[in-house]
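A.B. asks: For the sequence shown, counting from 1, position 82 maps to 411 in the working numbering; every step adds exactly one. C-beta atoms are modelled at their ideal positions from N, C-alpha and C, and glycine is treated no differently.
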Amino acid sequence: MSGKEQSDEKLRIILRDMRYLTILKHLKLANVDYGKSIMVNTKIPLDEIIKILDELENLGLIERVHGATLKNTEAKFKLSSEVHKHHTYYRLTREGDHLLRYLDDKMLIHTYIEIIRNDNLALNILKLADELNADHALTYAKLTHKRLEEVTPKIEELVRMGLLEEKNSNSSFLKMTSI
Numbered sequence: 330m331s332g333k334e335q336s337d338e339k340l341r342i343i344l345r346d347m348r349y350l351t352i353l354k355h356l357k358l359a360n361v362d363y364g365k366s367i368m369v370n371t372k373i374p375l376d377e378i379i380k381i382l383d384e385l386e387n388l389g390l391i392e393r394v395h396g397a398t399l400k401n402t403e404a405k406f407k408l409s410s411e412v413h414k415h416h417t418y419y420r421l422t423r424e425g426d427h428l429l430r431y432l433d434d435k436m437l438i439h440t441y442i443e444i445i446r447n448d449n450l451a452l453n454i455l456k457l458a459d460e461l462n463a464d465h466a467l468t469y470a471k472l473t474h475k476r477l478e479e480v481t482p483k484i485e486e487l488v489r490m491g492l493l494e495e496k497n498s499n500s501s502f503l504k505m506t507s508i
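Right, dumping it as structure tokens:
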């Protein structure tokens, strides 16, 4: 697999769950940060952050920061001039920084199209969400002629990807997001 193909595959993995991109963007701002601080800033639960950090590290997009202390010039969200490390800190790798730097709307749209191109159910749900603007999952099931048990996980996947969002706290109503 070429370098471009590997980068494209990593981008597809990241865009399947917007939390990955949220954490990468946070690390871009913070430069260096640890799980609990990422949780406070992104509102993603800590256990999920830890799993995502491991996966991003395995993808080569972030790395652990070694050493006993951090200067606040390195960790932008730290208030004191020097901090003794009591946590595992992470930063973007060169590849992670490069991916974020060149990620634009055109690339996002192209990659989302690649992800859902052959997924008729996802395409139908997105089309209906755009036409209906907001509706209940059961309505999507009826209009796509699928069982609710098939439609619900697909809707949840589209929400994780950031292509649909919950309209209210009930979580049964959805609306299209703008990319």
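Starting from the C-beta of threonine 473, find all residues in its chain whose C-beta is less than 8 Å away, skip the five residues before and the five after it, and write them out in chain order.
C.D. replies: So the list reads Leu450, Asn453, Ile454, Leu457 and Val480, once near-sequence residues are dropped.
A.B. asks: Rounded to whole angstroms, what is the Cα-Cα separation between leucine 437 and isoleucine 367?
C.D. replies: Answer to the nearest angstrom: the Cα atoms are 23 Å apart.
A.B. asks: So the alpha helix (DSSP H) isoleucine 367 belongs to, where does it begin and stop?
C.D. replies: Run containing isoleucine 367: 364-371, per the alpha helix (DSSP H) assignment.
A.B. asks: Please return the same chain residues whose Cβ sits closer than 6 Å to the Cβ of leucine 408, not counting the five positions on each side in sequence.
C.D. replies: Because leucine 408 sits at a pLDDT of 47, beneath the cut-off of 50, its placement in the model cannot be relied upon, and the point is left open.
A.B. asks: Count the other CB atoms, across all protein chains shown, that sit within 10 Å of the CB of valine 361; report buried if there are 16 or more and exposed otherwise.
C.D. replies: Buried, since its Cβ has 16 or more Cβ neighbours within 10 Å.
A.B. asks: Are arginine 348 and glutamate 392 closer than 8 Å when you measure CB to CB?
C.D. replies: No, they are not a contact pair.
A.B. asks: The beta strand (DSSP E) spanning tyrosine 419 covers which residue range?
C.D. replies: That run of the beta strand (DSSP E) goes 418-421.
A.B. asks: Between lysine 333 and leucine 390, which are expected to be in contact by the criterion C-beta below 8 Å, what is the C-beta distance as a whole number of angstroms?
C.D. replies: In fact, because the Cβ distance is near 16 Å, the residues do not count as touching under 8 Å.
A.B. asks: Could you say which of Asp448, Ile379, Leu432 and Leu429 lies nearest to tyrosine 574 if we only look at CA atoms?
C.D. replies: Any property of residue 574 remains undetermined from this structure, which presents the chain solely from 330 to 508.
A.B. asks: Sorted by chain position, which residues of the same chain lie with C-beta nearer than 8 Å to leucine 477's C-beta, five sequence neighbours on each side aside?
C.D. replies: Only Ala466, Leu467 and Ala470 meet the Cβ criterion.
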